[in-house]
Amino acid sequence: MPKPRVLISDALSPAAVQIFKDRGIDVTFDANLGKDKDKLAAMIGEYDGLAIRSATKVTAKLLESAKNLKVIGRAGIGVDNVDIPAATARGVIVMNTPFGNSITTAEHAIALMFALARQIPAADISTQGGKWEKNRFMGVELEAKTLGLVGAGNIGSIVARKAIGVGMKVIAYDPYLTPERAVAMGVEKVELEKLLARADIITLHVPMTEQTRNILSREALAKTKKGVRIINCARGGLVDEEALAEAIKSGHVAGAAFDVFSVEPAETNPLFGLENVICTPHLGASTSEAQENVALQVAEQMSDYLLAGAITNAVNFPSITAEDAPKLKPFVALGEKLGSFIGQLTEAHIKGIRIAYEGKVGELNTRPITAAAVAGVLRPFKPGINMVNAQAIAKDKGIAVEAITRDAPENLESRVKIYVEAEDTIRHAAGTVLSDGLPRIVEIRDIKMDAEFAPHMLYVRNDDKPGFIGRFGSLLGEKAINIATFNLGRDKPGGDAICFVAVDDSISDEVLAAIKAIPHVKRANRLMF
Numbered sequence: 008m009p010k011p012r013v014l015i016s017d018a019l020s021p022a023a024v025q026i027f028k029d030r031g032i033d034v035t036f037d038a039n040l041g042k043d044k045d046k047l048a049a050m051i052g053e054y055d056g057l058a059i060r061s062a063t064k065v066t067a068k069l070l071e072s073a074k075n076l077k078v079i080g081r082a083g084i085g086v087d088n089v090d091i092p093a094a095t096a097r098g099v100i101v102m103n104t105p106f107g108n109s110i111t112t113a114e115h116a117i118a119l120m121f122a123l124a125r126q127i128p129a130a131d132i133s134t135q136g137g138k139w140e141k142n143r144f145m146g147v148e149l150e151a152k153t154l155g156l157v158g159a160g161n162i163g164s165i166v167a168r169k170a171i172g173v174g175m176k177v178i179a180y181d182p183y184l185t186p187e188r189a190v191a192m193g194v195e196k197v198e199l200e201k202l203l204a205r206a207d208i209i210t211l212h213v214p215m216t217e218q219t220r221n222i223l224s225r226e227a228l229a230k231t232k233k234g235v236r237i238i239n240c241a242r243g244g245l246v247d248e249e250a251l252a253e254a255i256k257s258g259h260v261a262g263a264a265f266d267v268f269s270v271e272p273a274e275t276n277p278l279f280g281l282e283n284v285i286c287t288p289h290l291g292a293s294t295s296e297a298q299e300n301v302a303l304q305v306a307e308q309m310s311d312y313l314l315a316g317a318i319t320n321a322v323n324f325p326s327i328t329a330e331d332a333p334k335l336k337p338f339v340a341l342g343e344k345l346g347s348f349i350g351q352l353t354e355a356h357i358k359g360i361r362i363a364y365e366g367k368v369g370e371l372n373t374r375p376i377t378a379a380a381v382a383g384v385l386r387p388f389k390p391g392i393n394m395v396n397a398q399a400i401a402k403d404k405g406i407a408v409e410a411i412t413r414d415a416p417e418n419l420e421s422r423v424k425i426y427v428e429a430e431d432t433i434r435h436a437a438g439t440v441l442s443d444g445l446p447r448i449v450e451i452r453d454i455k456m457d458a459e460f461a462p463h464m465l466y467v468r469n470d471d472k473p474g475f476i477g478r479f480g481s482l483l484g485e486k487a488i489n490i491a492t493f494n495l496g497r498d499k500p501g502g503d504a505i506c507f508v509a510v511d512d513s514i515s516d517e518v519l520a521a522i523k524a525i526p527h528v529k530r531a532n533r534l535m536f
């Protein structure tokens, strides 16, 4: 197997480059490549992985040139510079490192809070200008003030801990914050309107989504407590900057400290030049420790995926731990092949896919298996589909996907059964993974069998009549088709029977037509896996 190849197109710690090399990955490092989109597009097609920071813009157009790309690793939390839908459509995993700069960003928010409360930047400029304006810079204490967290995730929880440490009362708005977690953090969970009305200082720690865009809108700012101070170290666009500037000028808002802006680099902004406003150039993650942490994390995550299939901190696919990856790998292969088998038998429009996980397999992280099964079912209709984009494509086509767990049959430890509902009928088949780690098909149309998958196979359904097998085998012999394995099953003597045959080469149209012409054949399909 050739070594995976990774391209680093932004400035990244040399330690990250060494991690790739130590893990056996061929790495190319050009810190300025991300700024040259044409050169990057010309190179990207050779690589399995792309490691970036914020300078590289991964657009849909760039992805068209990334023929072999499997993973994009963003050293940092924000993935605004990556076209996530386009990457997903092409089956490319997009990872970030959401925890590498959490402490640094939280500390910057706390630093801005202190600086704003005591007007430190303006006082520094005044004093160094030869003035001694002691009475001009009257500050406020943070002790006993109410801090309103908008977003109580990883960074927000660190801010809360530090704020409680300086004697502040913390209230939090976060739809995903459970009451138990709020108690553990030492904060009071409230709705947004109550937070706006009660908070002396508001600090934002949410991602930028359609739901959070302008979460502090003109209307929301009007509901805030008079004299409130607002901190934003999260993402630009969470606050209506025009409305905030007006609220500061009117005296309703006492001040603001922003590290992020709706347009960056921010050469102009409504907040610039206002008294009681502090602005920094997106420094939340700018410490030597944070830069090193995110670089090391992205290198480890990308290496784990390219070498072992482990997926960590992906924004467009469920996580697979390094411990789970070896256990999941054979079942992912089973899901894909079993789904492909049914997909190749289906010609009518597909309405739904249901995957039943029976026995111990149901205790695993089954989401990757589900994704693989859906990809297998749909691949005959959508070449290029894979685990990453399969469920998005199914949703786009109006195909319902359901996964359930239940007890395994008595004779098997684990079994996966896939049902595909098409407009003409429901087709189903089941498979398992035995001790040899190879996926097997163990049931087709409720008929038991035990067959391995092979690159070229024949599926024949026929009436169980004497002499059929002889005629079928003779035909293959006459056509110089070598049989690798021959698996049979039937529901009852003289009833419905199945042949599942592995052959050495692909079956021609002529041979397939001859098989269909054998007496008692109900259907015949050539299959590829």
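Counted from 1, the sequence shown has number 111 at position 104 by our numbering; the numbering is strictly sequential. Ideal placement from N, C-alpha and C gives every residue a C-beta, glycine not left out.
Runs of the alpha helix (DSSP H) spanning 4 or more residues and lying entirely within the region 35-102 occur at 44-50, 67-72, 91-96, in chain order.
For residue 176, the enclosing beta strand (DSSP E) stretches over residues 176-180. Under the 10 Å beta carbon count, residue 394 is surrounded by 16 or more other beta carbons and is classified as buried. In this structure, residue 117 lies away from residue 197, with their beta-carbon atoms at least 8 Å apart.
For residue 305, the uninterrupted alpha helix (DSSP H) segment begins and ends at 295-315. The C-beta of residue 396 has 16 or more other C-beta atoms within 10 Å across all chains shown, which makes the residue buried.
Only exposed fits residue 433, as fewer than 16 other CB atoms lie within 10 angstroms of its CB. Just measuring C-alpha positions, the residue of 302, 379, 300 sitting nearest residue 335 is 379. The beta strand (DSSP E) runs of length 3 or more contained entirely in the region 394-441 are, from start to end of the chain, 407-413, 421-429, 433-440. Apart from sequence neighbours up to five positions away, the residues of its chain that approach residue 89 with a beta-carbon distance below 7 Å are 65, 79, 81, 101, ordered along the chain.
Rounded to whole angstroms, residue 529 and residue 321 show a C-alpha spacing of 46 Å.
Fewer than three pairs of CB atoms, one per stretch, sit closer than 8 Å, so the region 306-326 makes no contact with the region 381-389.
Separation of residue 191 and residue 163 (C-alpha to C-alpha, rounded to the nearest whole angstrom) is 14 Å. In this structure residue 325 is in contact with residue 374, their Cβ atoms being roughly 4 Å apart against a cut-off of 8 Å. Around the beta carbon of residue 104, 16 or more other beta carbons sit within 10 angstroms, so the residue counts as buried. Runs of the alpha helix (DSSP H) lying entirely within the region 151-215 and spanning at least 4 residues, in chain order: 161-172, 186-192, 199-205. Between the region 89-99 and the region 131-150, the count of C-beta pairs closer than 8 Å stays below three; the two stretches do not touch. The three-state reading of DSSP puts residue 342 in helix, counting H, G and I together. The beta carbon of residue 424 is closer than 6 Å to those of 363, 437 in its chain, skipping five residues each way along the sequence. Taken through DSSP and simplified to helix, strand or coil, residue 529 comes out as strand. Assignment of residue 145 by DSSP, reduced to helix, strand and coil, places it in the coil class. In summary, residue 95 is buried, with 16 or more beta-carbon neighbours lying within 10 Å of its beta-carbon over all protein chains present. Contact annotation: residue 112 and residue 291 have beta-carbon atoms nearer than 8 Å. In this structure, the beta-carbon distance from residue 38 to residue 18 falls below 8 Å. Inside the region 104-148, DSSP marks whole alpha helix (DSSP H) runs of 4 or more residues at positions 109-125, 127-135, from first to last along the chain.
In the displayed model, residue 455 falls within a strand according to three-state DSSP.
Nearest Cα to residue 9 within the set 31, 236, 228: 31. Cβ contact annotation for residue 121 (same chain, cutoff 8 Å, sequence separation greater than five): 127, 149, in chain order.
Cβ-Cβ separation between residue 506 and residue 467: approximately 4 Å, consistent with a contact (criterion under 8 Å).
Taking every protein chain shown into account, the CB of residue 535 has fewer than 16 other CB atoms within 10 angstroms, so this residue is exposed. DSSP places residue 24 inside the alpha helix (DSSP H), whose first and last residues are 21-29.
Bounds of the alpha helix (DSSP H) holding residue 378 are 374-385.
Counting of Cβ neighbours within 10 angstroms places residue 207 among the buried residues, the total reaching 16 or more.
Check the Cα spacing between residue 245 and each of 259, 252, 212: the tightest is with 212.
Using a 10 angstroms sphere on the CB of residue 445, the tally of other CB atoms stays under 16, which defines it as exposed. Under the DSSP assignment, residue 465 falls in the beta strand (DSSP E) whose first and last residues are 463-470.
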